[in-house]
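K.L.:
If you count by this note's numbering, then the sequence shown holds residues 8 to 340, one letter each, in order.
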Amino acid sequence: MPQKRKSLDEGALEFFISKAPQSVNLLTKADNSVPLESIRLPKQQPRRYFDLQKMQQLITSVKEHGILEPLLVRPISEGQYELVAGERRYRAAQEIKLANVPVVVRSLSDEEALQLALIENLQREDLNPVEETEGILQLLAIKLEQPVEKVISHLYRMYNEAKGNINTSNPNVRVNAEKEDLVVSNPNVRVSAESQAVQAVFDSLALMAWESFVKNRLPLLNLPDEILETLRRGEIAYTKATLIARIKNEVERQSLLQDTIKENLSLTQIKERINKLKESEAKTQSIQEAPLKNRIDKAYQVIKKTKTWDDPKKQKRLEKLITAIEALINESN
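1. What is the C-beta distance between leucine 121 and glutamine 51, in whole angstroms, given that I count them as a contact (C-beta under 8 Å)?
2. Using DSSP's beta-bridge definition, name the partner residues of tyrosine 88.
3. Taking 8 Å as the threshold, find out whether the region 152–171 comes into contact with the region 216–229 through three or more Cβ pairs.
4. Here's the rule: buried if 16 or more other CB atoms are within 10 angstroms of the residue's CB, otherwise exposed. What is lysine 300?
5. Using beta-carbon positions only, say whether isoleucine 234 and leucine 264 come within less than 8 Å of one another.
6. CA-CA distance, isoleucine 332 and glycine 171?
7. Helix, strand or coil for serine 40, going by three-state DSSP, please let me know.
8. Taking the alpha-carbon of glutamine 64 as reference, which of Ala213, Arg98 and Arg239 has the nearest alpha-carbon?
9. Once DSSP output is grouped into helix, strand and coil, what is the label at glutamate 154?
10. Looking at the strands, I want to know which residues DSSP matches up with lysine 107.
11. Answer with buried or exposed for threonine 140, where buried requires no fewer than 16 other C-beta atoms within 10 angstroms of its C-beta.
12. Would you report the Cα separation of leucine 144 and glutamine 206, rounded to the nearest angstrom?
13. According to DSSP, is glutamine 10 helix, strand or coil?
14. Closest to serine 202 by CA distance: which of Ala213, Trp217 and Leu125 is it?
15. Considering only the beta carbon of each residue, do asparagine 128 and arginine 240 sit closer than 8 Å?
16. Under DSSP, the alpha helix (DSSP H) around arginine 96 begins and ends at which residues?
17. Between which two residues does the alpha helix (DSSP H) holding arginine 131 run?
18. To the nearest angstrom, report how far apart threonine 256 and glutamate 270 are at their CA atoms.
19. Can the beta-carbon of valine 110 be found closer than 8 Å to that of proline 77?
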């Protein structure tokens with residue numbers, strides 16, 4: 008059973024949202040109820056997939072007890088609202104056709120609303136590693152005011168700098184040996200300020216260290232698309248996903264992925280199947296290489312017995328061929 012994640016306190020939320028204290032104090036108390044049809048979903052949704060079994064459990068609970076925790080919404084026009092947090096409760100209410108739902112109404116900017124939605128999503132008990140990684144990157148992108156791609160580049164730069172792989176040829180950046188920190192001599196270079204902002208985000212979320220995020224989470228985004236989507240849907244553990252991703256053949260990889268989902272294969276079973284695939288590939292390669300090796304052996308035996316060596320012109324051609332073969336061997340070594 009997954010551990011319940013620690014909720015962010017007011018100080019941590021205030022780091023992300025300037026209105027956090029007021030919002031936090033009233034999140035457990037509904038301002039009023041509004042018609043369900045007056046609430047619309049936002050364009051940017053942090054959550055993409057919902058576990059059907061857990062949704063059904065929530066629907067049953069709402070039928071019996073109603074919505075115990077109000078939805079957080081923001082006004083978008085007279086009598087119309089946009090959902091900020093509580094999408095599962097919203098969908099459950101839709102399913103059982105509730106007319107009205109309890110809400111907390113807060114005036115939030117687009118940026119503040121997105122940050123609150125991301126933070127709520129990151130505190131889910133069933134959050135998978137891909138969703139968590141993408142959510143943290145979105146929060147960092149908002150805080151640093153940069154596209155996600157640049158945030159990723161900056162994180163890798165920070166990681167290399169922390170490991171000592173600093174580009175000392177850059178005249179704008181030098182290392183302070185006493186403080187073990189970066190000193191930026193050019194005000195246009197914002198490496199230090201950005202790094203501090205990154206550290207502050209991870210400190211506030213208290214989910215993991217940024218170094219661990221770079222080392223263990225960012226590589227997940229390089230997984231094949233079909234494996235990423237399977238992870239997002241929560242259909243497979245990420246330890247199994249990273250193992251299956253090592254298979255280079257797309258057809259074999261997708262086949263093993265589907266078998267893992269259908270048969271709930273263990274890590275040991277996946278490793279066994281991968282080993283069998285490797286053995287099969289090795290045999291196929293050996294069979295393909297055998298005819299060529301046989302031709303080389305046969306040609307060598309024939310050349311030794313013929314009078315090719317007595318012909319100066321043929322000797323030169325042979326020398327060129329042997330030189331080319333030797334060069335090929337050296338390349339492979």
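Every residue gets a Cβ at the ideal spot worked out from N, C-alpha and C, and that includes glycine.
The structure displayed is predicted, hence computed values, not measured ones.
P.N.:
Reading it off the structure:
1. 6 Å
2. Ile46 and Pro82
3. yes
4. exposed
5. yes
6. 43 Å
7. strand
8. Arg98
9. At residue 154 the sequence reads proline, which differs from the glutamate that was named. Of the three classes helix, strand and coil, the one that applies to proline 154 here is coil, per DSSP.
10. The question names lysine, but residue 107 in the sequence shown is asparagine. Partner(s): Pro42.
11. buried
12. 13 Å
13. Reliability fails at glutamine 10, whose pLDDT of 46 lies under 50, so the model's placement of it is uncertain and the value that follows must be treated cautiously. Coil, per DSSP.
14. Trp217
15. no
16. 94–102
17. Note, arginine 131: premise wrong, no alpha helix (DSSP H); not H, not E.
18. Checking the displayed sequence, the identity of residue 256 turns out to be asparagine instead of threonine. Going by the C-alpha atoms only, they are around 21 Å apart.
19. yes
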